[in-house]
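Protein chains in written order, with our numbering: chain A, 1 to 227; chain B, 1001 to 1080.
Shown next, in structure tokens, is the structure this report addresses.
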Amino acid sequence: MKSTVITFPGSNCDRDMDVALKKFGFKNKMVWHADAELPKSDLVVLPGGFSYGDYLRCGSMASKSKIMQSVINFASSGGMVLGICNGFQILVETGLVPGVLLRNKYLEFICKNVFVKISDKKNKYFKNIENEVLEFHIAHNEGNYFCTNDQLKVIEDNNQIAINYCDRNGKIEDQFNPNGSIKNIAGIFNKEKNVLGMMPHPERMIDTSLSGEDGSLFFKNLINNLK
Amino acid sequence: MKISVIITLKKDVLDPQGKVIHQTLDGMGFNDVNEVRQGKYFEIDTTETDNDKAKAKVEEMCKKLLANLVIENYKIIDPK
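What follows is the structure, encoded as structure tokens:
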């Protein structure tokens, strides 16, 4: 399986993602944002970081990068595109997934482990994962998911919510919402579910000596689903 | 020609920064403030000399980059 990680000026999780993808069997290539062409890929990842210093709005400049037109075309023809953290912010700015990510409700940069409940498994990202709840890491200042009521209705009607913040037992409540996101939304799909944007970092959970292993579950499952 | 643009958050969108500014103002003794909403202001200097054309271009900039229309409104200020 071939994957591509896009590096924007200010990306800082691109190499972690590269390590994670390779660990679980992807042949990964790193591509610079100013390139126009996407190499042949089964998966394209927009990594976390602070692309363009988060100027104007997080992800807004990166969404206009040269490579993004190719990423948009790839996604529109059904290609798998995963955006993590800043990558999620870039995805909403391109319009590939609905909504926006606002400043965290309590104005704090949040850096901690969280639990998320998988709310839809009819997709290539979470199909066949046995767990209902995964422990991932979040590190963000603008992860407060927001959309209009009309958008929310469409999102819910199409089961586009991928994961919600919850406790270790999968209980989705306000007190387990770290950033003020509508409905505790931590990740969301496009309508066709080939594009996934999420705030948590699975690539930070792939090594028992550093952290948990729920990221390993995610990547192992993903590559199997793509085969 | 210089054109100014003001970007504001839409009414229903939470503005935690505006809230904190409000609280701080309150703490400073400015107790008659109802609400504070924070926005953005741009000055765009363009070589375009036709007023209408320049405004149309800036409007396109607002829609494509300067504002995110899910959460923000933009207002173009007439060049003097």
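Even glycine gets a Cβ: it sits at the ideal position worked out from N, Cα and C.
Computed from a predicted model, the values in this text were never measured in an experiment.
Reduced DSSP category for residue i - H, G, I as helix; E, B as strand; rest coil
{"i": "residue 228 (chain A)", "result": "Only positions 1 to 227 of chain A appear in this structure, which leaves residue 228 (chain A) out of reach."}
{"i": "residue 52 (chain A)", "result": "helix"}
{"i": "residue 1062 (chain B)", "result": "helix"}
{"i": "residue 1030 (chain B)", "result": "coil"}
{"i": "residue 128 (chain A)", "result": "coil"}
{"i": "residue 45 (chain A)", "result": "strand"}
{"i": "residue 20 (chain A)", "result": "helix"}
{"i": "residue 33 (chain A)", "result": "coil"}
{"i": "residue 26 (chain A)", "result": "coil"}
{"i": "residue 153 (chain A)", "result": "helix"}
{"i": "residue 2 (chain A)", "result": "strand"}
{"i": "residue 135 (chain A)", "result": "strand"}
{"i": "residue 187 (chain A)", "result": "strand"}
{"i": "residue 82 (chain A)", "result": "strand"}
{"i": "residue 97 (chain A)", "result": "coil"}
{"i": "residue 211 (chain A)", "result": "coil"}
{"i": "residue 219 (chain A)", "result": "helix"}
{"i": "residue 1049 (chain B)", "result": "coil"}
{"i": "residue 1068 (chain B)", "result": "coil"}
Cβ pair residue i, residue j closer than 8 Å
{"i": "residue 59 (chain A)", "j": "residue 108 (chain A)", "result": "no"}
{"i": "residue 147 (chain A)", "j": "residue 1005 (chain B)", "result": "no"}
{"i": "residue 80 (chain A)", "j": "residue 42 (chain A)", "result": "yes"}
{"i": "residue 217 (chain A)", "j": "residue 129 (chain A)", "result": "yes"}
{"i": "residue 44 (chain A)", "j": "residue 8 (chain A)", "result": "no"}
{"i": "residue 160 (chain A)", "j": "residue 191 (chain A)", "result": "yes"}
{"i": "residue 1 (chain A)", "j": "residue 223 (chain A)", "result": "yes"}
{"i": "residue 104 (chain A)", "j": "residue 48 (chain A)", "result": "no"}
{"i": "residue 143 (chain A)", "j": "residue 181 (chain A)", "result": "yes"}
{"i": "residue 1042 (chain B)", "j": "residue 1066 (chain B)", "result": "yes"}
{"i": "residue 31 (chain A)", "j": "residue 18 (chain A)", "result": "no"}
{"i": "residue 149 (chain A)", "j": "residue 164 (chain A)", "result": "no"}
{"i": "residue 63 (chain A)", "j": "residue 38 (chain A)", "result": "no"}
{"i": "residue 140 (chain A)", "j": "residue 61 (chain A)", "result": "no"}
Min CB distance residue i to chain A below 8 Å
{"i": "residue 1044 (chain B)", "result": "no"}
{"i": "residue 1013 (chain B)", "result": "yes"}
{"i": "residue 1025 (chain B)", "result": "no"}
{"i": "residue 1016 (chain B)", "result": "yes"}
{"i": "residue 1070 (chain B)", "result": "yes"}
{"i": "residue 1005 (chain B)", "result": "no"}
{"i": "residue 1020 (chain B)", "result": "yes"}
Same chain, Cβ closer than 6 Å to residue i, five either side skipped, listed in chain order
{"i": "residue 91 (chain A)", "result": "83, 97 and 197"}
{"i": "residue 168 (chain A)", "result": "115"}
{"i": "residue 123 (chain A)", "result": "193"}
is_contact[residue i, chain B] using C-beta, thresh 8 Å
{"i": "residue 100 (chain A)", "result": "yes"}
{"i": "residue 147 (chain A)", "result": "yes"}
{"i": "residue 105 (chain A)", "result": "yes"}
{"i": "residue 57 (chain A)", "result": "yes"}
{"i": "residue 51 (chain A)", "result": "no"}
{"i": "residue 231 (chain A)", "result": "Only positions 1 to 227 of chain A appear in this structure, which leaves residue 231 (chain A) out of reach."}
{"i": "residue 216 (chain A)", "result": "no"}
{"i": "residue 77 (chain A)", "result": "no"}
{"i": "residue 60 (chain A)", "result": "yes"}
Residue interval of the beta strand (DSSP E) (run including residue i)
{"i": "residue 1045 (chain B)", "result": "1040-1045"}
{"i": "residue 1009 (chain B)", "result": "1002-1009"}
{"i": "residue 163 (chain A)", "result": "161-166"}
{"i": "residue 1086 (chain B)", "result": "The structure shown does not extend to residue 1086 (chain B), since chain B is modelled only from 1001 through 1080, so no value can be given for it."}
{"i": "residue 196 (chain A)", "result": "195-198"}
{"i": "residue 146 (chain A)", "result": "144-146"}
Contacts around residue i, its chain only, beta-carbon distance under 7 Å, and the 5 residues preceding and following it disregarded
{"i": "residue 23 (chain A)", "result": "206"}
{"i": "residue 1008 (chain B)", "result": "1037, 1039, 1072 and 1073"}
{"i": "residue 1051 (chain B)", "result": "1079"}
{"i": "residue 99 (chain A)", "result": "92, 145, 146, 147, 151 and 188"}
{"i": "residue 173 (chain A)", "result": "none"}
Cβ-based neighbour list, residue i, same chain, cut-off 8 Å, excluding 5 preceding and 5 following
{"i": "residue 20 (chain A)", "result": "202, 203, 206, 215 and 219"}
Residue range of the alpha helix (DSSP H) that includes residue i
{"i": "residue 72 (chain A)", "result": "66-76"}
{"i": "residue 1036 (chain B)", "result": "Premise fails: residue 1036 (chain B) is in no alpha helix (DSSP H) and is neither H nor E."}
{"i": "residue 93 (chain A)", "result": "86-94"}
{"i": "residue 117 (chain A)", "result": "Premise fails: residue 117 (chain A) lies in the beta strand (DSSP E), 110-118, not in any alpha helix (DSSP H)."}
Original post:
In the region 158-192 of chain A, which residues sit with their C-beta less than 8 Å from some C-beta in chain C, listed in chain order?
Top reply: Within the model displayed, chain C is absent; protein chains A and B are what it includes.
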